[in-house]
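Those protein sequence lines, which keep their order, are chains A and B.
Residue numbering for the first sequence follows our numbering, starting at 9 and increasing by one per position.
Residue numbering for the second sequence follows our numbering, starting at 9 and increasing by one per position.
Virtual Cβ for every residue (Gly too), placed ideally from N, Cα, C.
There are 2 protein chains.
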Amino acid sequence: MNIKKYFGLSLLLLLINTAMAQSGYTTILQKVKLVFSIDDKGVPTYQVFYGADNFIKSSRLGLKLADNKSMDAGLTLIGVDSSSFDETWTPVLGEVNKIRNRYKQFTAYLKHNATGNLVNIVFRVFEDGIGFRYEFPKQAGLKYFVVTDELTQFNLAGDHKTFWIPGDYDANEYAYTESKMSQIGKASYLEKKAELGVYQVKDFASVQTPLMMKSDKGLYINIHEAALIDYPAMQLHVDTKTFQLSADLAPDVFGNKAHLLAPFHTPWRTIIVSDKAADILMSKTILNLNEPSKMINTSWIKPMKFVGVWWKMQTGNGTWSYTDYPDSTDTNGKLIPNGRHCANTANVKRYIDFASANGIQGVLVEGWNTGWESCCSNWTEDGFDFVTPYPDFNVRELHEYAAGKGVQMIMHNETGSSVTNYERQIDTAFKFMNAFGYTSVKTGYVGKIIPRGEYHDGQWMVNHYLRTVEKAAQYNVMIDIHEPMRPTGLQRTYPNWLANEAARGNEYYAFGKGNPIDHETILPFTRLMGGPMDYTPGIFKLNHYAADTTRKFRSTLCKQLALYVTMYSPLQMAADLPENYETHKDAFKFISDVPVDWDDTKVIAAEPGDYIAIARKGKGTNNWFIGAITDENNRDIKVDLSFLDKNKKYAAIIYADAPGTDWQHDQEKYSINKMILTVKSTLTLHLAKGGGAAVSIIQL
Amino acid sequence: MNIKKYFGLSLLLLLINTAMAQSGYTTILQKVKLVFSIDDKGVPTYQVFYGADNFIKSSRLGLKLADNKSMDAGLTLIGVDSSSFDETWTPVLGEVNKIRNRYKQFTAYLKHNATGNLVNIVFRVFEDGIGFRYEFPKQAGLKYFVVTDELTQFNLAGDHKTFWIPGDYDANEYAYTESKMSQIGKASYLEKKAELGVYQVKDFASVQTPLMMKSDKGLYINIHEAALIDYPAMQLHVDTKTFQLSADLAPDVFGNKAHLLAPFHTPWRTIIVSDKAADILMSKTILNLNEPSKMINTSWIKPMKFVGVWWKMQTGNGTWSYTDYPDSTDTNGKLIPNGRHCANTANVKRYIDFASANGIQGVLVEGWNTGWESCCSNWTEDGFDFVTPYPDFNVRELHEYAAGKGVQMIMHNETGSSVTNYERQIDTAFKFMNAFGYTSVKTGYVGKIIPRGEYHDGQWMVNHYLRTVEKAAQYNVMIDIHEPMRPTGLQRTYPNWLANEAARGNEYYAFGKGNPIDHETILPFTRLMGGPMDYTPGIFKLNHYAADTTRKFRSTLCKQLALYVTMYSPLQMAADLPENYETHKDAFKFISDVPVDWDDTKVIAAEPGDYIAIARKGKGTNNWFIGAITDENNRDIKVDLSFLDKNKKYAAIIYADAPGTDWQHDQEKYSINKMILTVKSTLTLHLAKGGGAAVSIIQL
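Have a look at this one:
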């Protein structure tokens, strides 16, 4: 670690007069320039440049607080401070094994004239963007306080192309719309929310972050937040005429945003910028704005691929519940089975056998525990316990069977969003995991939140999710959360937090309208900016898989393979049924082979909404894996193999869409070609419409 | 147990036609007569008679349910059923050792014409009143459902004298108003709420139950509820012109009243009636409407008197918190003491010594654990833990010291109404109690509830309180809950639930306006109808006790003694400081001697708002104890001693207001007279204005 204080500059700034202060304080790192000012009404503002491009125009900063304690105007700059920082760190799991965290920091110390209360605004300027946050020091006049609004603005310079989903305090499983910012609005939302069980949109001109934009000049801009702790998630209100974005925090039921105690700091607001799309995907600024790992011993944290008892229920061919009604019992008090329950011992053994035979580390089983009859649309508090199996699921037998085959069972705790119920039982649940050797858990929050009136994105739930991650860590359990707020890089600080859902996954092909054909080319620029996603790729049976036989993926089989590389996650499901993999064992080999943790990553080609091609080097190996996907257009991707070791030969297997195949025609057809590659080889991947390609490159 | 089904009657009723049904079904036990009818719009009604007095006129029944499932009209009577029941049972702790539970039961089976859904209304007719409830059987058309309103009415026959406190979903610590029903309204409420930290009044013409009334004819009527489980507490909206009372259930934040799953039954709505005030106090109907004890082994449940580190803080002479701010630490990270913390080891030992020397079983200590700096007005979630003592409180040393002196330490868990926080830690808290030998706990719910938007009286909190009682039972811990909803007799089913606060206690003399001089003559007719109250009697220093030296009790010292008999509770505090008892050891002897669990009880004289005199026989002894209190009027109470054993002699000690003493003059003066009593003796107790008398009668 290396902190250099710019004492000279700092002292100078402390001495300047107000007129000088209003001209602004500039902090520059390479092409990124931040200018902070405070106007004559005591309103702080900032603007950001990329080279000469003033892509964030002067934008307001400030917070509204309850009880006449607002920090939004009438502020005096009482001091500034500058420093720089440069270190390189190693993530426990990741896309690369070294991350450079280099920034210049600027702090504005502000005092509220009327109350004398203090707030600091801290900026960090990186090579590819900035982060800033509000800090409330310990002070006599501000102990407990309530944030009623955050006034942070992002004033964009033009009507950019925008990849957006509607602002929603409860749901983030929307399909993206690609439009001009001026076209953001209600129509697109209404079309899309129909598939969601729970949604809470208060403002039709709002969008969620990470928000990806591209200017007419070709500048890529991404706005999000980092290190969201004890504060609500932020969405953005969009002024479709002026292109001003303003923070909109998920409220509690009374409209308050955060209940706080000083000292406190908000999450970082992040702006990532580049004239190359690939740089956005490679940015580590959000991770860098998070604190280092809180855990000393991380040896128990392992990346993992898994199969699971899940897709059959999602597609309508089975049930999570064992019976059809909460108290369906016969005259002997025994539960009456509905005959469609998938989480039964025999079926689970089939998954264990498959995993063991195919290099898959884990088996997830949903619907193993009692309570599913009451889930998840009744807004009812009791129902689930997290330790009692249905009568056809033998926990001990399966645990021993799996252990004998070298397979890890993955726990599943669906809460039905009855979060109070889960919190009451959470120690019992984790003790059960420890007792039966579960090393990881998938949690779920389907339905409307209890405490009633709280939202998935509000401060209370943000705190709950993190408490659960900390609880999991306390029991040495890795965690994958479904239906949380969008992640903000906290996997750096809590490396057992392997993945989240928090976006529209592959599952919408099972029960919804499916996903737009370009969906997976947008996700890495949006949702994945905050952290890994449990997207559940790897569906091989792409039509006639659901009870509703009209369903069909907008994907070829090879695109499903490529997603293991293009969608980074240290926890990846092979989501299809074993029987659908057994008939394509040659293609499944890629899923068996592909790592989920990496030493290095190269973005070969990328354009949001169009295509992504990425090469990654498996952790601790000299093997590379490539995934390439495209939207509705077919295209050729030329791969620059210069990342290969100059002195080595590699055996490559290329999984490509078969000639004549595309997402509408013979979508499950593929070709497999083997060849020897060196750094001098040329490799061009042909992607069909809605298709993809996957390549394994194993050092000889 | 003895259930006789009136099969003949039942069959007959099932065969009758609609016209006959509308004329009404009558159920009579002694003077109490219930008539059930259903009108031509399918609206069910009931009325109640006491002899010929139709004191509850025809009153509507029904429930509004969400999703067009209401059960309030358009109902068809599809069957009726009658039965009778007579048993005698023994409470674990109580005012008497045998309770007769005798009633006739009438059930109306109703079907909703539009939906086909079923609801039963079950009535029980006792000698001194009735109970009725709604029952939803398991049925295909009604699984999960939401009660949006209960339409139950109580149409009173006149403008009765009423002892009332305002309807409030969060607070019940009001002083009572004695007025005609027609005078119930806003003015009285506004005058009284100022002292409350948290209150939630939506309807100024509403009152809380137990509601005590007296008709011009001299009929005493009490309306309340029994066995409140998984449902909100009921308050009553008052039509001050027609004297119609209608149920008003505490809502959740969205205005819903209860989220339910059939089969389900509501609490019982109770009406107790007599032409003698003493009968109201002696009624066991609310207890009888509760289920028998759920606990097989109750040997660990013990009645108890206790002293405690509490009054000094209440009166403003000390603090619960050790420091003055949540993170008041010095440069070594140590907490900075404020020098006013009462729960320190030395002070607690003083209480243990006093208890041990004076026959007091327990010592309560408030303010022993960290977190008080954040309590209780900040609506903040974190703060308390329930296992970490302040640095000046040595848990183990005090536990051993108390054990060596034969004294029980009583745990204190103040939640600050951050209920989610308490629920997360509750197992840890109770394990700590078990580890350190705490056999009972006092819990507290000061402040606004978290989950934010829930009320103290709502379904969510009703469920929380009962969960906590069950959790305590699981750990063999007795419980005394402060700031719960009004009790409803559940101490029968959960005998470890020793007491509650749930009303305005003696403590209001410490920090509020004190209590009206007749307050303790009203409480047994109102709040105590549902169960024992932790009123904290026994204050000897009745003026100059508080930091605010203008404070003064509206009581003599002898009235404080009498409260141990007039206010039944198996858990009774001697609330004053040991130093104030040490100077009145002769008077304290009554507190040392008086039991808190009884074999028998006789009401000598009683009139709500005026006076109460009660004699009770100590459990397992032949000793009697009398308490008599009066309002602002002095009076003589002649005691009929016929309850004494004819063949025995008794040594009596009479603690009486000294001549010239009343609540305004020399209120701490008393006389102590010893005499021998037999069944033939005459005993008249003189009570000064605001005074009382206490008598111990020990068999020789």
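Alpha-carbon spacing of residue i relative to residue j, whole angstroms
i	j	result
T396(A)	N402(A)	10 Å
N442(A)	F394(A)	13 Å
I280(B)	K210(A)	50 Å
W308(A)	Y483(A)	11 Å
L693(B)	A613(B)	12 Å
G522(A)	K310(A)	31 Å
E233(A)	Q161(A)	13 Å
A29(A)	F134(A)	For A29(A), the predicted model reports a pLDDT of 41, less than 50, meaning its position is unreliable; a value from the coordinates is still stated below. Those two C-alpha atoms are separated by around 23 Å.
K13(A)	L159(A)	Since pLDDT at K13(A) reaches only 41, below the 50 mark, its modelled position is unreliable, and no value is offered.
G205(A)	A555(A)	20 Å
D287(B)	M541(B)	20 Å
S6(A)	V51(A)	Given a span of 9 to 708 for chain A in the structure shown, any question on residue 6(A) remains unanswerable.
N109(B)	L37(B)	13 Å
8 Å Cβ cutoff, residue i in contact with chain B
i	result
D435(A)	yes
H267(A)	yes
R643(A)	no
A29(A)	Any reading at A29(A) must be qualified, since the residue scores a pLDDT of 41, below 50, and its modelled position is unreliable; no value is offered.
N111(A)	According to the sequence as given, residue 111(A) is Tyr; it is not Asn. No, because no Cβ of chain B sits closer than 8 Å to the Cβ of Y111(A).
P334(A)	yes
G70(A)	no
G461(A)	yes
N386(A)	yes
Counterpart residues of residue i in DSSP-defined beta bridges
i	result
V317(B)	V373(B)
R132(A)	Q113(A), G139(A)
Q216(B)	Q243(B)
L579(B)	M312(B)
T558(B)	According to DSSP, which records beta bridges pairwise, T558(B) is partnered with nothing at all.
Given residue i as reference, the closest of the options once Cα atoms are compared
i	options	result
M417(A)	C566(A), Y409(A), T423(A)	Y409(A)
A354(B)	I344(B), G341(B), K549(B), E405(B)	E405(B)
D136(B)	P240(B), Q216(B), K284(B)	K284(B)
K549(A)	M575(A), T323(A), D584(A)	D584(A)
G445(B)	Y430(B), M419(B), S426(B)	M419(B)
V317(B)	R358(B), S282(B), T306(B)	R358(B)
N305(B)	I599(B), N504(B), Y177(B), A570(B)	N504(B)
L474(B)	R562(B), P532(B), T451(B)	T451(B)
P129(A)	T53(A), N109(A), Y58(A), D167(A)	The amino acid occupying residue 129(A) in the given sequence is Ile; Pro does not appear at that position. Of T53(A), N109(A), Y58(A), D167(A), the residue nearest in Cα terms is T53(A).
Y619(A)	D665(A), R535(A), E676(A), H527(A)	H527(A)
G635(A)	L652(A), L571(A), K646(A)	L571(A)
Residue-chain proximity (residue i, chain A), Cβ-Cβ < 8 Å
i	result
K146(B)	yes
F262(B)	yes
Y152(B)	yes
R348(B)	no
G626(B)	no
E3(B)	Outside the shown range of chain B, which is 9 to 708, sits residue 3(B), and nothing can be said about it.
E299(B)	no
E431(B)	yes
beta-carbon residue i near the ligand ADP non-hydrogen atom, thresh 7 Å
i	result
F651(B)	In terms of ligand content, the structure shown is empty, and the ligand ADP therefore cannot be addressed.
Start-end ranges of the beta strand (DSSP E) lying completely within the region 353-424 of chain B, minimum 3 residues
370-373, 416-422
Against chain C, which members of the region 202-217 of chain A pass a CB distance test of less than 7 Å?
Here chain C cannot be found, since the structure's protein chains are A and B.
Note down, one range per segment and in chain order, each beta strand (DSSP E) of at least 3 residues found wholly within the region 232-303 of chain B.
242-247, 252-257, 266-269, 276-282
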